[in-house]
Every structure is written in structure tokens, then in C-alpha cells.
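**Student:** Taken in order, the sequence shown gives residues 2 to 293; the numbers are from our numbering.
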Amino acid sequence: MFKLKEIKYIPAGKLFNCTSLIDDSNFPDFTTQPSIPTIELVFEKKRGRKHLIPTVSISWRNCRAYSKIICRALPISNLLGIHCETVFMCFRPLYICIMFTGIIEGLSKVEAIEKENTNVHFTFSCAFTHELKIDQSVAHNGVCLTVVKINGHQYTVTAIDETLQKTNLGNLKVGDEVNLERCMPANGRFDGHIVQGHVDQTGIVTSIIDNKGSWTYTIEYNNKLGNVTVEKGSITINGTSLTVVDSKDDAFSVCIIPYTFENTVFKHLKVNDVVNLEFDIVGKYVARLLKK
């Protein structure tokens, strides 16, 4: 029979010894860790005087959308593919399926742009670069990108050709700023709305009105792609969660308060600028169902 011997947290190089995973109070609280790409479960089997120690690695990307997953009926033999003693596991992933809320944490400045075949590597700098980790997902103007390199106060992400074609990232120049949001922690609040970091299409700023206390932005978009808005519904513009004020078949407007204006790229937007749009996920599902 195999017995769970060790749990290894690979990135931090720490070793967790758990005598029992039935009571998850013995399990390390991963929600306090900055990044958890992989853990290893180490098993031991006595065969005479020899010890066999197989291991199995589990990527946190495979975890489902729960802040706490307790697999109380999953024998470890299903993972190892061998007959062994039933062991129960408890996982506490850091993030919920790479999800955002549209609440911008800050601005990130483009420091360098490097093209490699059809890909483009963007190097940015921001106030919390020191908190970022390799393989972390961060939304740039609403586009979910993976951190691939960190060098001092700068970090690098890679955008493929499809991303460049379907978003406004292809228009970026050195010195430009983008909205930045890290994915929502498992114990975080929904201060905005459900944002996936998957841009549906781009829109064009057709009007900016200064209301002497707020700004009204009107955005036009191609409605032939099937995306819709509703008054008082949610919309994501360049990664920012906003409420639709007026809704038309191919346009909508939003109002921006002074704080949002000063702390996002809205202060840089001009008429005819291209913006990234992510429509409400619930509305997209309803629209798809109505077509059937």
C-alpha cells in the first residue's frame, strides 16, 4: 500500500508534512501564498527493505472555480493509475479560474515592445511589479496576459497575433499607459462584475462630454457580432467595470466619475480612439440561448 509521505510546495521550496488530509486543518493555507503553480504529492510504499517513492504533480490551473475544493471521495489510485490505499486530498487554490472584477488597480507604462515572428513581447513597469510572479495572469486594458519575465521594476508579457488583431494592444507605443488588474483572489470581493479578461471586440469612442463633475463617453461597435448592452447593465471598457447609461443597437454610453477618470486610461482617451470591449457574460449566454 502507498502512504502519503510529503507535500512539496515547489515554487517556495517548502516541505509540508501532513499526517492526515481528512481534517484539512493540517493542510497548509495556500491562500496566503503569492503564487502556486504546482504542488507535488509524495507517496511511500514499503517492499521488503526497499522504499518506493512515486510522486504526482498537480497544476493549480486544473483546479475548478471554487475557493476551496475538498475531494473527500477521490482515491489517489485514480491519479497514480495503480492500486493503493485510499487517500483524501484538500486543495485551496489561490485564484478562481483566472477571473477579474473590472476594478483597476493601477496604470502600467509600456517600456519596450519587441516583435518575435507573429508574437509581440511587451515590457511594462508599474507600482507593484515587485509583487508579481512568473506565470501570473494580469489584465492589461482588459486582456488577460501571462507574466513571462520579471527584471527589477519591469515585467514582460507576450501577446499572440490573434490577441493583437482583436484588441487595441496592437496600437500600443512605448510610453503609453494601460489599465492593470491582477486576477481576483479567492477571498476577494466582487466590487465590479464578473470579467473574464477575454475581449469580445473593439469599439470606437465617438463622443466625450465634460459634465463638470463627470464625463460621458459614447462608444460605437459592430453589432453584427451578436453582442448587446442594456441600460443599467454591466460593460467592460479597457478592463474597467462600468454601468451602461444609454443603450442602442450599435452604441452605448457610460459616465465616468473623477476618481476613475484620474486613475485609469480614460483620462488619455480621445474621440476615434479604439477601446477593448468585454460584454456581460450572463447577457452573452442569454443572447446565445435565444438564437436556438
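Using N, Cα and C, we set each Cβ at its ideal position, and we do this for glycine too.
Could you give the C-beta distance for I152 and N169, rounded to a whole number, given that I count them as a contact under 8 Å?
**Tutor:** On the sequence shown, residue 152 is found 151 positions in, with the first residue counted as 1. On the sequence shown, residue 169 is found 168 positions in, with the first residue counted as 1. One detail in the question is off: residue 152 reads as Asn in this sequence, not Ile. The pair is not a contact, with the Cβ atoms about 25 Å apart (cut-off 8 Å).
**Student:** Between the Cα of I210 and those of G171, F262, E178 and Q197, spot the shortest distance and give me the residue it belongs to.
**Tutor:** As a working note, residue 210 is residue 209 in the sequence shown. For the residues G171, F262, E178 and Q197, the minimum Cα distance to I210 belongs to F262.
**Student:** Please return the same chain residues whose Cβ sits closer than 7 Å to the Cβ of S235, not counting the five positions on each side in sequence.
**Tutor:** Your numbering for residue 235 matches position 234 in the sequence shown. Contacts found: H194, S242, T244 and D281.
**Student:** Mark A160 as exposed unless 16 or more other C-beta atoms lie within 10 angstroms of its C-beta, in which case mark it buried.
**Tutor:** Counted from its first residue, the sequence shown places residue 160 at position 159. Classification of A160: buried, given that the 10 Å Cβ count is 16 or more.
**Student:** Give every residue of the same chain whose Cβ lies closer than 6 Å to the Cβ of C256, excluding the five residues on either side of it in the sequence, and list them in chain order.
**Tutor:** Taking the sequence shown and counting its residues from 1, one reaches residue 256 at position 255. The residues are S215, T217 and V246.
**Student:** Within its chain, find whatever has a CB closer than 8 Å to the CB of V111; leave out the 5 residues flanking it on each side and keep chain order.
**Tutor:** On the sequence shown, residue 111 is found 110 positions in, with the first residue counted as 1. F123, T124, F125, L173, K174, V175, G176, D177, E178 and V179.
**Student:** Per DSSP, which residues does L243 bridge with? Please list them.
**Tutor:** Residue mapping note: residue 243 aligns to position 242 of the sequence shown, counting from 1. Its beta-bridge partners are I236.
**Student:** For G284 versus V229, is the C-beta distance shorter than 9 Å?
**Tutor:** Working through the sequence shown from its first residue, we reach residue 284 at position 283. Working through the sequence shown from its first residue, we reach residue 229 at position 228. Yes, the Cβ-Cβ distance between G284 and V229 is below 9 Å.
**Student:** Look at the alpha carbon of H131 and the alpha carbon of K292, and state the distance between them as a whole number of angstroms.
**Tutor:** Walking along the sequence shown from the start, residue 131 turns up at place 130. Walking along the sequence shown from the start, residue 292 turns up at place 291. The straight-line gap from Cα to Cα measures roughly 47 Å.
**Student:** Are there 16 or more other CB atoms within 10 angstroms of the CB of I258, so buried, or fewer, so exposed?
**Tutor:** For the purposes of this step, residue 258 is taken as the residue at position 257 of the sequence shown. Counting Cβ neighbours within 10 Å, I258 comes out exposed, since fewer than 16 surround it.
**Student:** Going by DSSP, name the residue or residues bridged to T219.
**Tutor:** For this step, residue 219 is matched to residue 218 along the sequence shown. DSSP lists S208 and S254 as partners of T219.
**Student:** For T124, report the span of its alpha helix (DSSP H) as first-last.
**Tutor:** Along the sequence shown, one-based indexing puts residue 124 at 123. Not the alpha helix (DSSP H): T124 falls in the beta strand (DSSP E), residues N120 to S126.
**Student:** What's the gap between the Cα of V149 and the Cα of S109?
**Tutor:** Sequence index remark: in the sequence shown, residue 149 carries index 148 (1-based). Sequence index remark: in the sequence shown, residue 109 carries index 108 (1-based). Rounded to the nearest angstrom, the two C-alpha atoms are 16 Å apart.
**Student:** Per DSSP, which residues does N277 bridge with? Please list them.
**Tutor:** Along the sequence shown, one-based indexing puts residue 277 at 276. Per DSSP, T203.
**Student:** Starting from G284, trace the alpha helix (DSSP H) both ways and give me its first and last residue.
**Tutor:** Here residue 284 corresponds to residue number 283 of the sequence shown, with the count starting at 1. Run containing G284: I282 to K292, per the alpha helix (DSSP H) assignment.
**Student:** Under 9 Å between the Cβ atoms of C145 and Q202?
**Tutor:** Taking the sequence shown and counting its residues from 1, one reaches residue 145 at position 144. Taking the sequence shown and counting its residues from 1, one reaches residue 202 at position 201. Against a cut-off of 9 Å, the Cβ pair of Q202 and C145 comes out as no contact.
**Student:** Since Q166 is in the alpha helix (DSSP H), which residue starts that stretch and which ends it?
**Tutor:** Here residue 166 is taken as the residue at index 165 of the sequence shown, counted from 1. Taken as a continuous stretch (DSSP letters only), the alpha helix (DSSP H) holding Q166 covers D162 to K167.
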